[in-house]
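Chemist: There's a structure below that I have some questions on.
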Amino acid sequence: METISLSQIRNVAILGSTGSIGRAALEVLSKGDPRFRLAAISCHTQLDRFEEQIQTYSPKFAFATGLFNEQAKRWQSGDGGSTLSCTVRESSTDRLVSLVQSPEVDIVVAGIVGIAGLETALAAAQAGKRLALANKESLVVSGSLMMEAAKSSGAEIVPVDSEHSAVFQCLQAGREISEVKRIILTASGGPLRDWPIDKLSEATISDALSHPTWKMGRKITVDSATMMNKALEIIEAKWLFDLEPEQIAVVLHPQSIIHSMVEFNDGSILGQMSPPDMRLPIQYALTYPNRVQSPSPSLDWTQPTHLDWKPVDLERYPALQLGFEVAKRGGTCGAVLNAANEASVELFLDNKIKLTEIATICRQVLDHHHFSPSPTLSELLALDRWGHKEVQRWITSKC
Ligand code: MG
């Protein structure tokens, strides 16, 4: 058996460990390369699942940002018969920022959902850590700040989003971005892809949450139904790979087996294929540039398989158009689109608006904001709050 020296050990912090990315990351770590050690996990409110994770995976540190129930208080005081292997500490974003910047952590898996994950991801980029980035909002909202921070600190941002991981993998072997004609992001089309356009406004919450190929959280599954997820991914790709929006194409690929492609200047196209399983891009973000055995299943080559693709219909998916526009304008637009979408998805999940109203609301909020080309982090966070309020104002004025 290979001996592993201390200098080879990489300490991993998984932020948002009880979410779908966090759970997959824990599974990868527990079955994968022994050179990776679990330094810390953090959660917000799913405390029962968090307790199970501590017992199963024995992290060195555990942080909960939403400690407010009796069980959590017992953990803090150490009584109540708790058998936890480490103390759960009540936490805040500031405390998580200190954690990711500390020498105890080499790799940060950014699995916190939404704007709540921005500051910790940015802190990891500033501190020169490897950032396994699942929180696409960090780049959508503050792509310029993130990429500048990584450039000056030497941080490695390795995407976990399956499409961006695919592009990242296709660009290995020393390929330069100047050799890229365009990238082609694949999209499953979401759970409603075969519905007639005039029926989309009737989609219920459960219709929108029944994704055909990916098992994900509620917010991102709704984003998949509206294709806002792909819109955010266009913006994410622009920052991550330093591309012009014209160099980003989207194609429908219902099987979710080709996770994205890169077309080079000579017309050759490289794609990355694997079964739809988030454990694979998570593992690659940890082990890159090495490839090690994975818990993901292999493609079954004994079965006939179709790989289809077809063009996207912007009339069916107006959110996509917003994605291209925001990628073009940059500045404050990403923060506003993201906030308006987060707030609108919440309203949809509360049964207060129709699914098709999400893109309409986002368009209105975006068109009404005061654009700035190079905002600071505090301006972006203020705009995020403004965007949420603006959506509330929209729904109130409608009632
Ligand atoms: Mg994706």
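Per the working numbering, residue 1071 is the first one in the sequence shown, and the count goes up by one each step. Every residue, glycine too, gets a C-beta built ideally from N, C-alpha and C. Remember, predicted model here, so these are calculated numbers, not experimental data.
(1) Provide the residue span of the alpha helix (DSSP H) that contains residue 1163, from first to last.
(2) Below 8 Å, is the gap between the Cβ of residue 1408 and the nearest heavy atom of the ligand MG?
(3) Name all residues in chain order for which at least one heavy atom of the ligand MG lies closer than 6 Å to the residue's CB.
(4) Looking only at C-alpha atoms, which of 1180, 1243, 1214, 1224 sits nearest to residue 1197?
(5) Please report the distance separating the alpha-carbon of residue 1204 from that of residue 1184.
(6) Using alpha carbons as the reference points, say which of 1411, 1160, 1269 lies closest to residue 1139.
(7) Does the contact criterion of 3 or more C-beta pairs under 8 Å hold for the stretch 1100 to 1109 versus the stretch 1075 to 1082?
(8) Tell me the DSSP secondary structure of residue 1439 in three-state form.
(9) By Cβ distance below 7 Å, which residues in the same chain neighbour residue 1349 in space, the five residues on each side in sequence not counted?
(10) Please check the pair residue 1352 and residue 1202, which I expect to be a contact at CB under 8 Å, by giving their CB distance rounded to whole angstroms.
(11) If distances are taken between C-alpha atoms only, which option among 1243, 1289, 1128, 1173 comes closest to residue 1260?
(12) Return yes when the Cβ of residue 1087 is within less than 9 Å of the Cβ of residue 1111, no when it is not.
(13) Assign residue 1443 to one of two classes, buried (16 or more other C-beta atoms within 10 Å of its C-beta) or exposed (fewer than that).
(14) If you follow the alpha helix (DSSP H) that residue 1404 is in, where does it begin and where does it stop?
(15) Could you please give the first and the last residue of the uninterrupted alpha helix (DSSP H) stretch that includes residue 1395?
(16) Quick check: the Cα distance between residue 1373 and residue 1344, rounded to an integer number of angstroms?
(17) State the Cα-Cα distance for the pair residue 1126 and residue 1084, rounded to the nearest angstrom.
(18) Could you give the DSSP three-state label for residue 1256: helix, strand or coil?
(19) What residue does the alpha helix (DSSP H) around residue 1124 start on, and which one ends it?
(20) Put residue 1294 into one of helix, strand or coil per three-state DSSP.
(21) What residue range does the beta strand (DSSP E) around residue 1329 cover?
(22) Buried or exposed: which applies to residue 1299, given that a residue is buried once 16 or more other Cβ atoms fall within 10 Å of its Cβ?
(23) Output the residue ranges of the beta strand (DSSP E) runs that lie fully inside the stretch 1310 to 1380 and measure 3 residues or longer, sorted by chain position.
(24) Among residues of its own chain, excluding the 5 on either side of residue 1189, which ones have a beta-carbon nearer than 7 Å to its beta-carbon?
(25) Find the nearest neighbour of residue 1308 within the set 1214, 1465, 1294, judged by alpha-carbon distance.
(26) Tell me, which residues are paired with residue 1081 by DSSP?
(27) If you compare alpha carbons, which of 1420, 1463, 1141, 1440 is closest to residue 1431?
(28) Residues in its own chain within less than 7 Å of residue 1238 by CB, not counting five upstream and five downstream?
(29) Under 8 Å, with one C-beta from each stretch per pair, do the stretch 1433 to 1441 and the stretch 1398 to 1413 reach the 3-pair mark?
(30) Out of curiosity, what's the CA-to-CA distance linking residue 1433 and residue 1395?
(31) Can you tell me whether residue 1430 sits near the ligand NAP, meaning its C-beta is under 8 Å from at least one heavy atom of the ligand?
(32) Does the count of Cβ pairs from the stretch 1414 to 1423 and the stretch 1316 to 1332 closer than 8 Å reach three?
(33) Could you pull out every residue in the same chain whose Cβ sits closer than 6 Å to the Cβ of residue 1132, ignoring the five residues on either side in sequence?
(34) Taking 9 Å as the cut-off, decide whether the C-beta atoms of residue 1408 and residue 1454 are in contact.
Modeler: Working from what's here:
(1) Taken as a continuous stretch (DSSP letters only), the alpha helix (DSSP H) holding residue 1163 covers 1163 to 1171.
(2) Taking non-hydrogen atoms of the ligand MG into account, the C-beta of residue 1408 is found less than 8 Å away from none of them.
(3) Those residues whose C-beta sits under 6 Å from the nearest heavy atom of the ligand MG are, from N- to C-terminal order along the chain, 1231, 1232, 1233, 1303.
(4) Looking from the CA of residue 1197, the closest CA among 1180, 1243, 1214, 1224 belongs to 1224.
(5) Distance between the alpha carbons of residue 1204 and residue 1184: 10 Å.
(6) Looking only at 1411, 1160, 1269, the smallest Cα-Cα distance to residue 1139 is reached by 1160.
(7) Yes, the stretch 1100 to 1109 is in contact with the stretch 1075 to 1082.
(8) Coil.
(9) If we look at residue 1349 and ignore the five residues flanking it on each side, its Cβ neighbours are 1094, 1097, 1098, 1364, 1365, 1366.
(10) Confirmed, Cβ separation roughly 7 Å.
(11) The option with the nearest alpha carbon to residue 1260 is 1289.
(12) Result yes, Cβ atoms of residue 1111 and residue 1087 sit closer than 9 Å.
(13) Counting of Cβ neighbours within 10 angstroms places residue 1443 among the exposed residues, the total staying below 16.
(14) That run of the alpha helix (DSSP H) goes 1403 to 1419.
(15) For residue 1395, the enclosing alpha helix (DSSP H) starts and ends at 1388 to 1399.
(16) Taking the straight line joining both Cα atoms gives about 15 Å.
(17) Straight through space, the alpha carbons of residue 1084 and residue 1126 are spaced by roughly 15 Å.
(18) For residue 1256, the secondary structure class from DSSP, reduced to helix, strand or coil, is strand.
(19) For residue 1124, the uninterrupted alpha helix (DSSP H) run begins and ends at 1117 to 1127, by DSSP.
(20) Helix.
(21) Residue 1329: member of the beta strand (DSSP E) spanning 1328 to 1334, first to last residue.
(22) By the C-beta density criterion, residue 1299 is buried, having at least 16 other C-beta atoms within 10 angstroms.
(23) If only complete runs of 3 or more residues are kept, the stretch 1310 to 1380 shows the beta strand (DSSP E) at 1318 to 1322, 1328 to 1334, 1339 to 1343, in order along the chain.
(24) The beta carbon of residue 1189 lies closer than 7 Å to those of 1163, 1167 in the same chain, with the five residues before and after it left out.
(25) The shortest C-alpha separation from residue 1308 is found at 1214.
(26) Paired residue(s): 1107.
(27) Nearest Cα to residue 1431 within the set 1420, 1463, 1141, 1440: 1463.
(28) For residue 1238, where only same-chain residues beyond five positions count, the Cβ hits under 7 Å are 1228, 1229.
(29) Output reads yes: the stretch 1398 to 1413 touches the stretch 1433 to 1441.
(30) The alpha-carbon of residue 1433 is positioned some 10 Å away from that of residue 1395.
(31) Here the bound small molecules are the ligand MG; the ligand NAP is not part of this structure.
(32) Taking 8 Å as the limit for Cβ pairs, the verdict is that the stretch 1316 to 1332 does not touch the stretch 1414 to 1423.
(33) For residue 1132, where only same-chain residues beyond five positions count, the Cβ hits under 6 Å are 1111, 1124, 1156, 1158.
(34) If you check the CB distance, residue 1408 and residue 1454 come in under 9 Å.
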